[in-house]
Amino acid sequence: MAREQHDYDDIPGTFVFDAERSRQGYGINMFCMSLMKDENRKAFKANEAEYLKKFKLSPEQTEAILKRQYNRMLELGGNIYFTAKLGATDGHSFQHLAALMTGSTQETYAKMMLGGGRSVEGNRSKSGKGKPAKAKSKASKKSGKKRG
Amino acid sequence: MARIIAGVSSSHVPAIGAAIDNKRTEEPYWKRVFSGFEKSKAWMAKTKPDVVIGIYNDHASAFSVEMIPTFALGCAAEFPPADEGWGPRPVPVVKGHPELASHIATSVILDEFDLTICNKMEVDHGLTVPLNLLFGSPSTWPCPVIPLAVNVVQFPPPTAHRCYMLGKAIRRAVESYPEDLRVVMFGTGGMSHQISGPRAGLINSKFDKAFLDNMVKNPKKLTQISHLEFMREAGAEGIEMVMWLVMRGAMDEKVDEVYRFYTVPASNTAVGHIILENKKRAGTAKHKRAAALRTNRDVRRGK
């Protein structure tokens, strides 16, 4: 079944961890949760593919984990607070993961954050509909008057 | 009678905790963040609450995806710091207030908020970082803390309005507790940030500053912010600002702003902080009159 469409799917570069993703990504998140224990981290690092067999994962999910495709993991139902545990197991800082997900180097990403972060301007909406709430309501009132 | 005397909101960025634990608070990057809480610590030392009710969220520490309670109230006698993958934070065990907590649970559930009751729970940086920011790093926390964990991990979290109304129910619960306790509410999390996906790093200071303003003067407006607007404007993870509204709901409609602080960034997040006190009320005047009467009576009795 195709993924149900939601208003928040219009937000660019964002995979909202909703009930559907949570259901599909249960295996990814439970795998990540297992990495809270040192013995599991060691077992995973010793033989990643073998360790992953303990969890209910689709071939796509397994591939995303093995290849450390962090955005793909989110798309397939992983949640960032969980997948961050995989990053930590690899010895990476969170900022390393953030840079990876945004397709930039850690240095560029860190510089962006120091400069005040990623601007919301131009990042609200895929469709261009995502205006700030105020502007949007004013615009719709105006057009309503014209029609009347 | 117990009463809520003040509300504190603060971000709970994990990197702030790491900076404290690794003694990096004097580095310029972190000093910029911590210096904003110096006045808050002085205020807290003077205010000396008997109990703190800490509204926070767990980050895949105590709760995984096996159980996702929307509102979970900690009724235990103590809450150990959780191992978040690097060993538990070296902070004191959080001592609860089981009597007040179970009173709140009873009152709030009969008030139609169906809380989950946790008699065993570990707490992560979501709760302990704001405790550090307001109390510093003592060997034991100076007062009991009742944790209230809110799900903001799996969409949808409770709405801003629902959180605000829960705050009101908690206030009714506190005010029906017979012991004289001075309670401070902590609403934690935020402000704008997104840490997931290609849009990670999003910060919206304009949204945050308007949010801080309305925390003081128009909280009802904040209760109308939709989940879509929170995520669009303040980032996918910025939605956790709904937790501030539990605190705000527990306060008077009109409050005094004692202090605020805002800085960007701490790690990937905009740090926001505000302290609100309930205005001196008619109730206070009544207390004064009662005290005056007692004094008169004592004078008459020749004490």
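Same order as they appear, the protein sequences are chains A and B.
To get our numbering, take the position in the first sequence, counting from 1, and add 3.
To get our numbering, take the position in the second sequence, counting from 1, and add 4.
From the three backbone atoms N, C-alpha and C, an ideal C-beta is built for every residue, glycine too.
Check	Outcome
Of all Cβ atoms in chain B, is any one closer than 8 angstroms to the Cβ of R127 (chain A)?	yes
The stretch 233 to 245 of chain B: which residues have C-beta closer than 8 angstroms to a C-beta of chain A, in chain order?	E233, M235, R236, E237, A240 and E241
Output yes if chain A places a C-beta closer than 8 angstroms to the C-beta of N26 (chain B); else output no.	no
As a quick exercise: from B:S209, B:L206 and B:F67, pick the residue whose alpha carbon is nearest that of Q158 (chain B).	B:F67
If the criterion is Cβ atoms closer than 8 angstroms, does the pair D62 (chain B) and G130 (chain B) meet it?	yes
Taking only the alpha-carbon atoms, compute the straight-line gap between D184 (chain B) and A177 (chain B) and give it to the nearest angstrom.	13 angstroms
Classify K124 (chain B) as buried or exposed, calling it buried when 16 or more other Cβ atoms lie within 10 Å of its own Cβ.	exposed
Can you tell me which residues form a DSSP beta bridge with E82 (chain B)?	B:K99
Just checking: is the beta-carbon of S68 (chain B) within a distance shorter than 8 angstroms of some beta-carbon in chain A?	yes
Looking only at its own chain, which residues have a Cβ that is under 8 angstroms from the Cβ of M36 (chain A), when we skip the five neighbours before and after it?	F85 and K88
Between which two residues does the beta strand (DSSP E) holding S37 (chain A) run?	Segment Y29 to S37 is the alpha helix (DSSP H) holding S37 (chain A); no beta strand (DSSP E) there.
Got a sec? Which residues, its chain only, sit under 6 angstroms from F117 (chain B) by beta carbon, not counting five neighbours each side?	L170 and A173
So F85 (chain A) contacts chain B; which residues on that side make the cut at Cβ distance below 7 angstroms?	A64
Using the C-alpha atoms, what's the distance from V154 (chain B) back to G276 (chain B)?	19 angstroms
Would you check if there are 3 or more beta carbon pairs closer than 8 angstroms linking the stretch 104 to 123 of chain A to the stretch 193 to 213 of chain B?	yes
Would you kindly report the start and end of the unbroken beta strand (DSSP E) that includes V262 (chain B)?	V259 to A270
So what does DSSP say about P18 (chain B), is it helix, strand or coil?	helix
Pull up the DSSP beta-bridge partners for V12 (chain B), would you.	B:F190 and B:I279
What residues in the stretch 208 to 219 of chain B have a beta carbon less than 9 angstroms from any beta carbon of chain A?	N208, S209, K210 and F211
Around the C-beta of N222 (chain B), are 16 or more other C-beta atoms found within 10 angstroms, so that it is buried, or is it exposed?	exposed
Suppose you measure from the CA of V133 (chain B) to the CA of I279 (chain B); what does that come to, to the nearest Å?	16 angstroms
Can you look up G147 (chain A) in the DSSP assignment and give me helix, strand or coil?	Per-residue confidence for G147 (chain A) stands at a pLDDT of 38, beneath the threshold of 50, marking its modelled position as unreliable; no derived number is given.
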